[in-house]
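Protein chains in written order, with my numbering: chain U, 1 to 642; chain E, 643 to 920.
In this text, a Cβ means the ideal position worked out from N, Cα and C, and glycines have one as well.
Working notes, structure below.
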Amino acid sequence: MIPVGSPLDGKCPSGPIETRWERCKAELKLVNPANKRKYKVIVVGTGLAGASAAATLAELGYQVEAFCFQDSPRRAHSIAAQGGINAAKNYQNDGDSVWRLFYDTVKGGDFRARESNVHRLAECSRNIIDQCVAQGVPFAREYGGLLDNRSFGGAQVSRTFYARGQTGQQLLIGAYQALARMIGLGKVKMHPRTEMLDVVVVNGVARGIVVRDLISGKVSTHAADAVVLATGGYGPVFFLSTNAKGCNVTATWRAHKKGAYFANPCYTQIHPTCIPVSGDHQSKLTLMSESLRNDGRIWVPKTKGDTRSPDQIPEDERDYYLERRYPSYGNLAPRDIASRSAKYACDEGRGVGPGGLGVYLDFAEAIQRLGEATIRERYGNLFDMYERITGENPYAVPMRIYPAVHYTMGGLWVDYHLMSNLPGLFVLGEANFSDHGANRLGASALMQGLADGYFVIPYTIGHFFASTKQEKVSTDHPEFKKAEAEVTARIHRLLAINGKRTVDSFHKELGKLMWDKVGMARDRAGLQETLRRIPAIREEFWKNVFVPGSGAALNQALEKAGRVADFLEFAELLAADALHREESCGGHFRTEYQTEDGEAVRNDRDFCYVGAWEWSGDGKPAVLHKEALNYEFVHLATRSYK
Amino acid sequence: MSGHDHGHGHAPSHSASHAPMRVNLHIWRQSGPCDSGRMVAYPNVACSPDMSFLEMLDVLNERLQERGEEPIAFDSDCREGICGMCSLTVNGTPHGPRKGTTVCQLHMRSFNDGEEIFIEPWRAAAFPVQKDLVVDRGAFDRIIQAGGFVSVRTGGCPDGNAIPVPKEEADQAMDAAACIGCGACVAACPNAAAMLFVGAKISHLRHLPQGQAERKRRAQAMVDQMDQEGFGNCSNYLECEAVCPKEISVKVIAEMNRDYLSASLTREERKADAGGAG
Numbered sequence: 001m002i003p004v005g006s007p008l009d010g011k012c013p014s015g016p017i018e019t020r021w022e023r024c025k026a027e028l029k030l031v032n033p034a035n036k037r038k039y040k041v042i043v044v045g046t047g048l049a050g051a052s053a054a055a056t057l058a059e060l061g062y063q064v065e066a067f068c069f070q071d072s073p074r075r076a077h078s079i080a081a082q083g084g085i086n087a088a089k090n091y092q093n094d095g096d097s098v099w100r101l102f103y104d105t106v107k108g109g110d111f112r113a114r115e116s117n118v119h120r121l122a123e124c125s126r127n128i129i130d131q132c133v134a135q136g137v138p139f140a141r142e143y144g145g146l147l148d149n150r151s152f153g154g155a156q157v158s159r160t161f162y163a164r165g166q167t168g169q170q171l172l173i174g175a176y177q178a179l180a181r182m183i184g185l186g187k188v189k190m191h192p193r194t195e196m197l198d199v200v201v202v203n204g205v206a207r208g209i210v211v212r213d214l215i216s217g218k219v220s221t222h223a224a225d226a227v228v229l230a231t232g233g234y235g236p237v238f239f240l241s242t243n244a245k246g247c248n249v250t251a252t253w254r255a256h257k258k259g260a261y262f263a264n265p266c267y268t269q270i271h272p273t274c275i276p277v278s279g280d281h282q283s284k285l286t287l288m289s290e291s292l293r294n295d296g297r298i299w300v301p302k303t304k305g306d307t308r309s310p311d312q313i314p315e316d317e318r319d320y321y322l323e324r325r326y327p328s329y330g331n332l333a334p335r336d337i338a339s340r341s342a343k344y345a346c347d348e349g350r351g352v353g354p355g356g357l358g359v360y361l362d363f364a365e366a367i368q369r370l371g372e373a374t375i376r377e378r379y380g381n382l383f384d385m386y387e388r389i390t391g392e393n394p395y396a397v398p399m400r401i402y403p404a405v406h407y408t409m410g411g412l413w414v415d416y417h418l419m420s421n422l423p424g425l426f427v428l429g430e431a432n433f434s435d436h437g438a439n440r441l442g443a444s445a446l447m448q449g450l451a452d453g454y455f456v457i458p459y460t461i462g463h464f465f466a467s468t469k470q471e472k473v474s475t476d477h478p479e480f481k482k483a484e485a486e487v488t489a490r491i492h493r494l495l496a497i498n499g500k501r502t503v504d505s506f507h508k509e510l511g512k513l514m515w516d517k518v519g520m521a522r523d524r525a526g527l528q529e530t531l532r533r534i535p536a537i538r539e540e541f542w543k544n545v546f547v548p549g550s551g552a553a554l555n556q557a558l559e560k561a562g563r564v565a566d567f568l569e570f571a572e573l574l575a576a577d578a579l580h581r582e583e584s585c586g587g588h589f590r591t592e593y594q595t596e597d598g599e600a601v602r603n604d605r606d607f608c609y610v611g612a613w614e615w616s617g618d619g620k621p622a623v624l625h626k627e628a629l630n631y632e633f634v635h636l637a638t639r640s641y642k
Numbered sequence: 643m644s645g646h647d648h649g650h651g652h653a654p655s656h657s658a659s660h661a662p663m664r665v666n667l668h669i670w671r672q673s674g675p676c677d678s679g680r681m682v683a684y685p686n687v688a689c690s691p692d693m694s695f696l697e698m699l700d701v702l703n704e705r706l707q708e709r710g711e712e713p714i715a716f717d718s719d720c721r722e723g724i725c726g727m728c729s730l731t732v733n734g735t736p737h738g739p740r741k742g743t744t745v746c747q748l749h750m751r752s753f754n755d756g757e758e759i760f761i762e763p764w765r766a767a768a769f770p771v772q773k774d775l776v777v778d779r780g781a782f783d784r785i786i787q788a789g790g791f792v793s794v795r796t797g798g799c800p801d802g803n804a805i806p807v808p809k810e811e812a813d814q815a816m817d818a819a820a821c822i823g824c825g826a827c828v829a830a831c832p833n834a835a836a837m838l839f840v841g842a843k844i845s846h847l848r849h850l851p852q853g854q855a856e857r858k859r860r861a862q863a864m865v866d867q868m869d870q871e872g873f874g875n876c877s878n879y880l881e882c883e884a885v886c887p888k889e890i891s892v893k894v895i896a897e898m899n900r901d902y903l904s905a906s907l908t909r910e911e912r913k914a915d916a917g918g919a920g
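This is the structure we're talking about:
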């Protein structure tokens, strides 16, 4: 039996959805401009959410210290987002509105997101574009000089703004430059190549962090009046994902173990258009932007085991399965549906390429219709990237694609103010759980990261300071000393094991188990097996891992070991959450809960809630806290993209 | 998009098989900033032509650790050519032999079976080696902090379509903004100049109306910081453009010089004590 704790309240405003955020802002308490400099905020992570938050909080006058594990804040993985950012500008005059973006996002999230948060996100989307243009983000433009848009999965309007195939890079550089300006002015103290290894809690409030300087190895503590985590998702729990090598769950998992609830960890997004695996050496997977589905047609041969080269397969022997099954959305069906459909085609033996784990994404018709120059203009860098990795020319032969883990909708639980249940701990961007429900629509991650950092936290953190009386603490406080000693002891323990297996070998073993049993399709037996096997892997890790070198210098094996140790704990919670959620919704697909033709069956009667888990100690089952989800404006319905 | 016609002339032969291959590696090992460092040979390293260059190093590192040795430290993160973290000099060329390609996107099919491969860190006084193949590129961040931005605060910005930007200008801004800040331009330059990097940022912002207000002070502040960091000067070797994984054109250096020169003529406008252009 799962221990169930007290229900959670997201503290969302009530009343008309259109005015909730306005009314919330009107009611928030303010901090006098002269007093802002008395408050210090720690921001961990410098992707879109962290960089935008750090820059904006510093502009307001707060003291800010920012931390990232990369060598520069410009390198966070937001940079790899290719396709675009949604905004309800209706520049195309195609009937878009805040309401429609809100509606699409709630529906796309398969009715597992909070309506209030999503509406706020849709409202902020318009400010984001204005902000980024003012910063000098070079968005794509039409010949008349106005901003261009493209369409994206899960929407029937064109609301996606883009900068060639490098939208994430350009938005991140915009936020990075805003942050750099504040660093140059001395308003932000930046700590690159510094990894957060624990949160420090004093009298029930998050008051600081423990970090390790990755160059010198020195462990130190930092105190503040609030801690903001913007540390991204946990995709690499599957080892192979489209995430950067450094992406990890350590910051959020450490916060979880200090009391922050982890919500919906089973909601993981598998992106349909990635380059297939080429061998055991594979270190990561590369995503090809979903925008390719605007012009590319997805197909597999109609017959099993058809090994003819694609140009030898006549039109009537091809199955354009998305166009066939989802005629109104076709190749632009949402990510979860597109991914699962590819898996089914391959499971049926109709997959293409080495190992049969691939489907075609074919541009032949688009090239014929629009010309190669237009396709090159739209997707040139993506085609180049594909060619570099596979050695095949996608202008001449169809791309081969296969789904891969890409984004994690779950994360630390936060209320409407983006504060976790642990007071003083705010969580932004992919690291929180709040806005995408069980499935995120394309071009919405950039929107959420920037909305949280530029337009939400600057208001809500002030309210926290103004309404909470706190004593100043310094790093001399015993809780800081204790947390630092624990972190140091753990590092020594990892270095002292001196076993026979490498860190990566454990990470790969865990990742394979998670992908096979907790990936695109899950079932009870597989999840129970996973829950039995993870503790055994973890036990062996702590007995037999080999971490060479010293803790007092740059030691990449040690960095990885700490992250893998945390994945080995977190994976168990992910699987337990997937086992408890007896329904299929969005990125969580349980094979027991599907219709005869393979569509997901949601169970709104029993599972229309956020599942937020409380850590209750080693070897003890996590306690489930439920936050009921109420759909007052978008009525619960079965998603249909047919 | 001129100068960005990504032809396929550099593609390796597609008839190349997936057969395993072996390479003889010579890798720079340096235990820390104070160590003088040396090349160490790793002969007969097995790999597959479908591996990326960094995956080949991952596999070597696994073998080293299985023998109880310390792995080779090198930087990488996104491994899809956009974060700018990877930074290896391969056979004397930053990012290796393939044009317009970061070393994380370079694949072993670009090498021959039995080839000798020399792997070194970026070499520049302003990028000190931290360990093995890892260098400190903090100087680049400090140059951006000096003026590589538009000074707008969050909120209160005009509508995104308030100022039309001609597509040609927006495209030129994007060509320059594609810079990933990897530092290959510095590593390739005989003078260890950072002008392609600095020029790219200046060019990005000077082609947009939003960048006009601070155009002169930006050039002045960034170039001053670049000089302070110990980067060299440009003497038109054009090695930077040749190795740039984003194929940024040296025309950005001309644009930087133009803005810097015109700023110098009105230098008295600058406050002597300005720590940045903000």
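Chain E contact for residue i (CB, 8 Å cutoff)
i              : result
residue 428(U) : no
residue 169(U) : yes
residue 261(U) : no
residue 504(U) : yes
residue 457(U) : no
Residue i, buried or exposed, once every other Cβ within 10 Å from all chains shown has been counted against 16
i              : result
residue 194(U) : buried
residue 661(E) : exposed
residue 504(U) : buried
residue 514(U) : buried
residue 442(U) : buried
residue 625(U) : buried
residue 388(U) : buried
Contact with chain U by residue i, beta-carbon distance below 8 Å
i              : result
residue 846(E) : yes
residue 749(E) : yes
residue 782(E) : yes
residue 756(E) : no
residue 915(E) : Bear in mind that a pLDDT of 48 at residue 915(E), under 50, signals an unreliable position, so the number given afterwards is only what the model happens to contain. With 8 Å as the cut-off, residue 915(E) does not count as an interface residue toward chain U.
residue 895(E) : no
residue 799(E) : yes
residue 700(E) : yes
residue 885(E) : no
residue 707(E) : yes
residue 856(E) : no
Under 8 Å by beta carbon: chain U residues contacting residue i
i              : result
residue 696(E) : 283
residue 793(E) : 181
Top-ranked residue by Cα proximity to residue i, from the options
i              : options                          : result
residue 413(U) : 346(U), 252(U), 132(U) and 97(U) : 252(U)
residue 416(U) : 58(U), 22(U) and 3(U)            : 22(U)
residue 308(U) : 345(U), 351(U) and 340(U)        : 351(U)
residue 686(E) : 665(E), 676(E) and 705(E)        : 665(E)
residue 572(U) : 185(U), 166(U) and 234(U)        : 234(U)
residue 300(U) : 210(U), 353(U), 533(U) and 26(U) : 353(U)
residue 276(U) : 403(U), 259(U), 58(U) and 500(U) : 403(U)
residue 78(U)  : 213(U), 170(U) and 29(U)         : 170(U)
Neighbour list for residue i in chain E, Cβ cutoff strictly below 7 Å
i              : result
residue 278(U) : 692
Within chain E, partners of residue i - CB distance below 9 Å
i              : result
residue 591(U) : Residues of chain E passing the Cβ test: none, with the nearest at roughly 32 Å.
Under 8 Å by beta carbon: chain E residues contacting residue i
i              : result
residue 385(U) : 722, 723 and 747
Check: the segment 73–85 of chain U: which residues have C-beta closer than 7 Å to a C-beta of chain E, in chain order?
Finding: Cβ proximity to chain E below 7 Å picks out 74, 75, 77, 79 and 80 from the segment 73–85 of chain U.
Check: If you measure beta-carbon to beta-carbon, which residues of the segment 227–249 of chain U are closer than 9 Å to chain E?
Finding: 242, 243, 244, 245, 246 and 247
Notebook entry, point to check: Between the segment 870–882 of chain E and chain U, which residues of the former have a C-beta closer than 7 Å to a C-beta of the latter?
Noted result: none
Margin query: Taking beta-carbon pairs under 7 Å, can you tell me which members of the segment 714–732 of chain E lie near chain U?
Written below: Along the segment 714–732 of chain E, the positions whose C-beta sits under 7 Å from a C-beta of chain U are 715, 717, 718, 719, 720, 721, 722, 723, 724, 725, 726 and 727, read in chain order.
Notebook entry, point to check: Closer than 7 Å, Cβ to any Cβ of chain U: which residues of the segment 803–821 of chain E, in chain order?
Noted result: 803, 806, 807, 808, 809, 812, 815, 816, 819 and 820
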